[in-house]
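Number of protein chains: 2
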Amino acid sequence: MQPETIRSVPELRRDVAAWRGKGLSVGMVPTMGALHRGHEALVQAAKAQSDRVLVTLFVNPAQFAPNEDFAAYPRDEEADLEKLAKLGVDALFAPSVEEMYPRGFDTTISVGGPSQGVEGEFRPHFFAGVATVVAKLLIAGLPDRAFFGEKDFQQLLVVKKLVRDLALPTEIVGCPTVREMDGLALSSRNAYLSKEERARAPKLYAMLRALSGRLRRSATPGVDLDEAKRALGRTGFSVEYLEARNAETFATVADWKNEPLRLLVAARLGKTRLIDNIAI
Amino acid sequence: MQPETIRSVPELRRDVAAWRGKGLSVGMVPTMGALHRGHEALVQAAKAQSDRVLVTLFVNPAQFAPNEDFAAYPRDEEADLEKLAKLGVDALFAPSVEEMYPRGFDTTISVGGPSQGVEGEFRPHFFAGVATVVAKLLIAGLPDRAFFGEKDFQQLLVVKKLVRDLALPTEIVGCPTVREMDGLALSSRNAYLSKEERARAPKLYAMLRALSGRLRRSATPGVDLDEAKRALGRTGFSVEYLEARNAETFATVADWKNEPLRLLVAARLGKTRLIDNIAI
Numbered sequence: 002m003q004p005e006t007i008r009s010v011p012e013l014r015r016d017v018a019a020w021r022g023k024g025l026s027v028g029m030v031p032t033m034g035a036l037h038r039g040h041e042a043l044v045q046a047a048k049a050q051s052d053r054v055l056v057t058l059f060v061n062p063a064q065f066a067p068n069e070d071f072a073a074y075p076r077d078e079e080a081d082l083e084k085l086a087k088l089g090v091d092a093l094f095a096p097s098v099e100e101m102y103p104r105g106f107d108t109t110i111s112v113g114g115p116s117q118g119v120e121g122e123f124r125p126h127f128f129a130g131v132a133t134v135v136a137k138l139l140i141a142g143l144p145d146r147a148f149f150g151e152k153d154f155q156q157l158l159v160v161k162k163l164v165r166d167l168a169l170p171t172e173i174v175g176c177p178t179v180r181e182m183d184g185l186a187l188s189s190r191n192a193y194l195s196k197e198e199r200a201r202a203p204k205l206y207a208m209l210r211a212l213s214g215r216l217r218r219s220a221t222p223g224v225d226l227d228e229a230k231r232a233l234g235r236t237g238f239s240v241e242y243l244e245a246r247n248a249e250t251f252a253t254v255a256d257w258k259n260e261p262l263r264l265l266v267a268a269r270l271g272k273t274r275l276i277d278n279i280a281i
Numbered sequence: 002m003q004p005e006t007i008r009s010v011p012e013l014r015r016d017v018a019a020w021r022g023k024g025l026s027v028g029m030v031p032t033m034g035a036l037h038r039g040h041e042a043l044v045q046a047a048k049a050q051s052d053r054v055l056v057t058l059f060v061n062p063a064q065f066a067p068n069e070d071f072a073a074y075p076r077d078e079e080a081d082l083e084k085l086a087k088l089g090v091d092a093l094f095a096p097s098v099e100e101m102y103p104r105g106f107d108t109t110i111s112v113g114g115p116s117q118g119v120e121g122e123f124r125p126h127f128f129a130g131v132a133t134v135v136a137k138l139l140i141a142g143l144p145d146r147a148f149f150g151e152k153d154f155q156q157l158l159v160v161k162k163l164v165r166d167l168a169l170p171t172e173i174v175g176c177p178t179v180r181e182m183d184g185l186a187l188s189s190r191n192a193y194l195s196k197e198e199r200a201r202a203p204k205l206y207a208m209l210r211a212l213s214g215r216l217r218r219s220a221t222p223g224v225d226l227d228e229a230k231r232a233l234g235r236t237g238f239s240v241e242y243l244e245a246r247n248a249e250t251f252a253t254v255a256d257w258k259n260e261p262l263r264l265l266v267a268a269r270l271g272k273t274r275l276i277d278n279i280a281i
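Keeping their order, the protein sequence lines are chains B and E.
Each residue of the first sequence is one higher than the one before, starting from 2 at the first, in our numbering.
Each residue of the second sequence is one higher than the one before, starting from 2 at the first, in our numbering.
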């Protein structure tokens, strides 16, 4: 069955209220469309934990800088809708930019803590854009649970912090990154890769795996990170960051032996920006 | 009957959910306590338009600058509770600072537009502090309507903008300023005035009335404002601003004849900061 397509916040609110009236729980999967198996895994997690599943599709201009790929970002609502129908999703909330940011819109939500540094340094407006739109989506749908991929690990921590700080009535569930057979993390942006770049791209995850295996027992983790960066450079990647952070607070590492740690990387292959991360 | 006193967001959510389950509408009156007849008028408006009335009491540290009167701000929860009991309020949400801003809290909501200039210039962190705490209160209680006094006129526009931008499911209702017989706007801060200052304070509103009566037909409104400022100065007020703004968008005035306009003033009498405003 085709999911119902919802365009406005009041319509969304009405549908969710009808579900709630029947005592049904609601799971939300926020996406920017161009759905792949990573999104499918989020939908499946949502289905397993919710009576009704609502997917949102909104390519959020506020989280792109002027020099980034907002215009080029892949969009194919019809194909997305077909995938969601096969997955048994109940509704797709696909608002226009005007619905989310009406004339005169001028409100920004900044989450400190986990939005500082790493991705936040290379994309300075990114997390405020994410926090603002996610808050608006969660306020509109008030789901019991919302599902985010660990692929965007720092974003997951930012959203968790947002929800905790504003006491939004939604549980944020992080889901493992889905990968190609060769290890490349699924991403809508992989479509930008040339054939030659696509062949090289899995080296990013191979490096994360190798490095994460030895950082805990290394006497010189900083040197190891620098060496891995240079090695990536020699393989044709232009590295933006390769950094370890506390996996819960996103603070810089104080204790390499005992903290929960996450290793994160962003690198360009040609014009395509790839990100990935792994538990240490 | 004594209103129930609620200290935590989950408790608040549970109570409101129980009301909603019975099909009852909910009105919220956010306050910083030290309740006076101005707050009583808000509660009465809330009662007239809601099945259940929830008053919140929270002296919000985030909207005070370090040099302001956070510590000195009058607090008397017992007296407030007694007043609310007489008014037939159903519940008082009076959280601790730790409940609203738990350890590590680090999220700020900035509303552009109406938070720019006037009060926002003299209290630079004020409206972000207000917007953040009001968003959190509205998210926690999800009332049908929330009631704010026109005494804080710019704040009322900021809250309306916040609700519109984030699509919070609450209607914001502005209520007229309540005044003493001699015209002084009720304010918890009036308690700071010496007897001599209290006798002089009504001149602020007298000036607003006189000035608002002639600004529309004045050929030189800017000159009139400057003269009124000087006159207040001679009466012992230290004026921070005396300004007219569009009463809906809070933009600076483009057309003195035809726009909806509001005249706003902030002035100190001794150590006490008084604000007031009037329709033009």
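C-beta atoms are modelled at their ideal positions from N, C-alpha and C, and glycine is treated no differently.
Terminal residues of the alpha helix (DSSP H) in which residue i lies
i        : result
Ile140/E : 127-142
Arg201/E : 196-201
Ala49/E  : 38-50
Val60/B  : Note, Val60/B: premise wrong, no alpha helix (DSSP H); not H, not E.
Gly22/B  : 10-22
Phe123/B : 120-123
Ala80/B  : 78-88
Val98/E  : 98-101
Val164/B : 154-167
Pair within 7 Å by beta-carbon distance, residue i and residue j
i        : j        : result
Asp107/B : Leu36/B  : no
Leu58/E  : Thr32/E  : yes
Leu216/B : Leu243/B : no
Lys48/E  : Val54/E  : yes
Ala168/B : Ala19/E  : no
Leu264/B : Ser189/B : no
Ala132/B : Leu157/B : no
Pro103/B : Val159/B : no
Val30/E  : Phe148/E : yes
Thr178/E : Pro144/E : no
Leu262/B : Ile281/B : yes
Val10/B  : Val17/B  : no
Ala200/B : Leu270/B : no
Ile279/B : Leu194/B : no
Gly39/E  : Gly118/E : no
Gly34/B  : Arg76/B  : yes
Lys272/E : Thr236/E : no
Start and end residues, beta strand (DSSP E) containing residue i
i        : result
Asp277/E : 273-280
Gly150/B : 146-150
Gly28/B  : 27-32
Leu264/B : 262-270
Glu5/B   : 5-7
Glu172/B : 172-176
Leu93/B  : 92-94
Ser116/E : Run containing Ser116/E: none; DSSP gives neither H nor E here.
Assumed close pair residue i, residue j - CB separation to whole angstroms, cut-off 8 Å
i        : j        : result
Ala267/E : Glu241/E : 4 Å
Ala192/B : Lys152/B : About 15 Å separates the two Cβ atoms, so there is no contact after all.
Glu78/B  : Ala95/B  : 6 Å
Arg180/E : Tyr206/E : 7 Å
Val135/E : Met101/E : Not a contact, Cβ separation roughly 11 Å.
Val98/B  : Pro62/B  : 6 Å
Asp52/E  : Leu25/E  : 4 Å
Arg146/B : Gln50/B  : 6 Å
Val174/B : Ala46/B  : 6 Å
Is it true that the segment 67-75 of chain B meets the segment 105-121 of chain B, where meeting means three or more beta-carbon pairs spaced less than 8 Å apart? no
Report the residue ranges of all alpha helix (DSSP H) runs contained in full by the segment 183-253 of chain B; include only those spanning at least 4 residues, in chain order. 196-201, 204-216, 222-235
Inter-stretch contact (C-beta, 8 Å, three-pair minimum) for the segment 89-100 of chain E and the segment 89-105 of chain B: no
With a threshold of 8 Å, are at least 3 pairs of Cβ atoms found where one atom belongs to the segment 125-140 of chain B and the other to the segment 247-258 of chain B? no
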